[in-house]
Structures are given as structure tokens and as C-alpha cells.
Amino acid sequence: MAIAVNPVHILRMLLQADTLLSNLQRDMRNNALSWKAIATAQALTVATLAEQMNSAAVTYQGNLDLITTAQADTVNWNKIVTMWGILGGTGADFTNIMNTLSAVASQLGPADKSTYAAIISDCDQIIAAVNAPLSLWPE
Amino acid sequence: MSLPQNVNFRSTLAFVTDGANTFCERAVGGVADYPTVTAQGNNVGWESGSGFAGLNGNAANDPRIAGLNVCSVGGVFRIDLPAPGAYPIRIAVGDKQYASATSLQIKDTTTPVGIEITGATSAPQRFKDAEDTELSQTTWPSSNVAENLTFVTTIARFVDNVGGSPLAHISVGAAIPVTTKIIALVVARRLTDRPGEIEFTIEWTLSVRGEVNGTVSLLQDAAFATDAAITAALRAQLAAYVSIATGQSFVASDVRGLSYG
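For the record, the sequence lines run as chains D and S. Be aware that the first sequence starts at 271, since it is given in our numbering, and climbs by one per residue. Be aware that the second sequence starts at 478, since it is given in our numbering, and climbs by one per residue.
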């Protein structure tokens, strides 16, 4: 007999959503810093760097899609939001983070990456748009 | 997702300078960190377990074996693959400071895929490679062997089932080009009522993934001079097809069902 969804599972989903979004915010910024350093030093070819950035854009969007899929399961997502509300948050908290991350993810793919200068410019825009998430330790 | 994806395990990013296409896993905060998106665009990270710690080792070592991560009660490190397929995997398990018990199993989601690092290193500065061969810090960089592993899912898990195994490096190389060959076992029959003619039928086919050694050559007429010659020629052709670059191979005589009508 299947085990019914209960608050244990809802908490698991809530924690996974937190991890995914916080990690993505961190990684978008850190990867942009890495790419900028690589482009500045011209340590990889433009083509290789562009390939890695395009690859990351796809992975970013794929990770965000996991949240979108969870939100589409309205019954359980409402339970997640309700549990989140007990901690003082609202459903808009997820959306607010996702809006910025989604914009970066969607713009990164088609962005001009034809030169080191263009890549550095792309990275500067990401760094300006995505700050580091609060953390107890340096990331 | 972009490969190769190298992962060097240690505590401090600046302890050594990593090579290209490398993510430095530092087990920051001692917590699971999957999914972490690397600069190469891959989802990686400690997925489960506890007691993670990143440790710097010896900065004079090759950067790939300059440090380690360890999970006191075991853990699972995950790398998501771009697609099912065959990938060359390199591993270093060992510690610059101690002879260490090792435990690392590679799984295709939940299915073990053949190699397992076990036992203990014999001394400090000894590192086991993907074939569970112990090498020194000076020989591992040039002599470690990649294992070509086939994944039917897109989840590669590196599992320390015991805990305490010092994981220094994982590398997933670019997918091995997949050539799907349809190997046909052709059954040849000399027609007794029509001497000089040969009837061919396809008995079965076999798909092979991976690079296939050898090339196809047409059987020459001379090969059909006798029954034995036909059989030998067919066996030779089949053997050429099924010697696979990934290291898997078998000879035609081992194939059940090889027949000559």
C-alpha cells in the first residue's frame, strides 16, 4: 500500500526547493566570476568557454524547471507554501528568486559569446544581477 | 552539459591551481550540496550522507590529488551525465598523510557498474585509480587508468558505503563516440542443386555500442571454395566486428548460435 503524502514529505520538498534555489543563486554568480576570470586570462578558447556557458544555461533552466514542475502540482505545492508560511514566508518568496534566476538563465543562452570581451560583458551583467545568497560560511 | 568534468576534492580553493574543466568540491559547511552547477554546466555535488569534510593535503602533489573529501559515515557524490552512454571515468582515492581504508562504488543511478575501490592503501601518498590499482603521488598523475563505463541512465553516483574513504579526484571524460553497428551473422549455404551458387540468410543481428575495431571487408570468392573456408571467413568477419574498443571483446567461437547451414 502506498504511503500517503504527509508533512514529512512536504518538508523534504521544501528543503529541496530551498537547496536548489540557494545553490543556483550561488552557482550563477560563482560561475560568472569563474568565466570572467578565464576570459580575462584567456585560459580557454572562446569557443570552449561559450560551450560551457551555453551548457550551464541549459542546466540552470533545467533546475528551475524542477521548481516549476513542483508548482504545477498545486495540491502539494499549496502544502509546501502553507508549511513555508508557518516559518514566516509566502509563495511569492520562491517566485521572487525564480524571476531573477530565470531571466539570467534565459538570457545567457542567446547572449553574445563571440569574443572574450563579449563574454566578460555577459559575466558582468550576471554578477550585477545575482548577488551571493546569505550564508554562514564563504561560498 | 559539457564534458570533460573534473572534480578535485579539498578544502581551500586557492590551495592549488586546478587544471581546466575542473570543479573544486570543498564540502563547504559539511552539508550535502547537490545540485551544484559547475562552470562547465554540470549538476554535481554531495547528494546524501553526513559528516562531510574537505581537507587540504599536499600542495606539491598534482592538483588532482592535492586534497580530499571524506564522509565520516559514508556518502554519495553525484554527477549528472548529459545522456546515457559510455564515459571514461578516472578516480583517485587516497590520502597524503595516512594509509587509508578505501571504499568507493560507482553506480548507474542505483545499479553498480562494475568497478569498486576496496581495501586499504599501503602508505601515505598512495592513491587508488579506477582499476583499484595503488599508485604513488608521483605515478598516479601519469599512470592512472580510466575505466570506460556504460550508463543507461544519466545519474553517476560515487558511493562510499562504509565511510572514511578519502576521495581526491573524479573525472568524467567526454562520451565515447557511439557507433551502433548491426552485426549480422550470415548463414551461407552452398546449394547442392546449383553448384557454384551460395545462398545467404541473416540468422540474427547484434547491436554494438562503442567504437568497433576493424573494418568490413567483402568476402572474396575464393573464401567460398569449401564449407570450412566459408565458416572460417564468417567467424573472422564476426570477430573483427565484435572486438570493441572499450575493452569488451569476445571471439566468434564464443558466440552461441553461430552456425553454418
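Just so it is clear, CB atoms sit at the ideal spot from N, CA and C, and this is done for glycine as well.
Residue pairing for R567 (chain S): DSSP places it in a beta bridge opposite S:S648.
Non-local beta-carbon contacts of M478 (chain S) in its own chain, meaning distances under 6 Å to residues more than five positions away in sequence, involve G518, N519, P559 in chain order. Taking all protein chains in view, the Cβ of R296 (chain D) is crowded by 16 or more other Cβ atoms within 10 Å, so the residue is classified as buried. With contact defined as three or more Cβ pairs closer than 8 Å, the region 395-406 of chain D and the region 489-500 of chain S are not in contact.
Per DSSP, the unbroken alpha helix (DSSP H) holding T370 (chain D) starts and ends at 361-378. Residues of chain D whose Cβ lies closer than 9 Å to the Cβ of N520 (chain S) are, in chain order, T329, G332, N333. The Cβ-Cβ distance between G641 (chain S) and S599 (chain S) does not fall below 9 Å. Taking each of D:T338, D:M298, D:D343, D:N348 in turn and checking the Cα distance to N324 (chain D), the smallest one comes out for D:M298. Assignment of T318 (chain D) by DSSP, reduced to helix, strand and coil, places it in the helix class. Contacts with chain D at 9 Å (Cβ-Cβ) include G506 (chain S).
Beta-bridge partners assigned by DSSP to A578 (chain S): S:A597. Annotated as distal: R487 (chain S) and G528 (chain S), with beta-carbon spacing of 9 Å or more. In the DSSP assignment, L532 (chain S) forms a beta bridge with S:L545. Nearest CB-CB separation between S479 (chain S) and chain D: below the 9 Å threshold. Taken atom to atom, the span from the alpha-carbon of T329 (chain D) to that of I356 (chain D) is near 31 Å.
Partner residues in the beta bridge of I632 (chain S), as assigned by DSSP, are S:D557.
Between I566 (chain S) and L626 (chain S), the beta carbon gap of about 5 Å places them in contact (Cβ cut-off 8 Å). Among the residues of chain S, those whose CB is under 7 Å from the CB of L290 (chain D) are P512, following chain order.
Residue range 277-311 is occupied by the alpha helix (DSSP H) that includes L290 (chain D). When DSSP reads this structure, V484 (chain S) sits in a beta bridge with S:F500, S:I647.
Below the 9 Å Cβ cutoff, chain D contributes I308, A313, L314, T318 as neighbours of A497 (chain S), in chain order. Between N401 (chain D) and chain S, the shortest Cβ-Cβ separation is not below 9 Å. DSSP, read as helix, strand or coil, puts I583 (chain S) in strand.
Between the region 641-652 of chain S and the region 567-579 of chain S, the count of Cβ pairs shorter than 8 Å is three or higher; the stretches touch.
For G551 (chain S), the closest alpha carbon among the candidates S:W523, S:T587, S:L480 is that of S:W523. Taking 9 Å as the threshold, the shortest C-beta distance from P380 (chain D) to chain S does not fall below it. Between V275 (chain D) and L371 (chain D), the alpha-carbon positions lie close to 29 Å from each other.
Put simply, of D:V278, D:A313, D:R282, D:N333 the residue whose alpha carbon is nearest the alpha carbon of S376 (chain D) is D:N333. Close to A326 (chain D), with beta-carbon spacing below 9 Å, are these residues of chain S in chain order: M478, S479, V514, T515, A516, Q517, G518, N519. Listed along the chain, the chain S residues whose CB falls inside 7 Å of the CB of D392 (chain D) amount to none; the nearest CB is some 13 Å away. The region 343-350 of chain D makes no contact with the region 395-402 of chain D; the number of CB pairs closer than 8 Å stays below 3.
V514 (chain S) and P561 (chain S) have their C-alpha atoms some 19 Å from each other.
For K605 (chain S), the enclosing beta strand (DSSP E) begins and ends at 603-605. Using beta-carbon distances, A509 (chain S) counts as an interface residue toward chain D, with a partner under 9 Å.
Between R541 (chain S) and A633 (chain S), the gap from beta carbon to beta carbon reaches 9 Å or more. Counting along the chain, V521 (chain S) sits inside the beta strand (DSSP E) bounded by residues 520-526.
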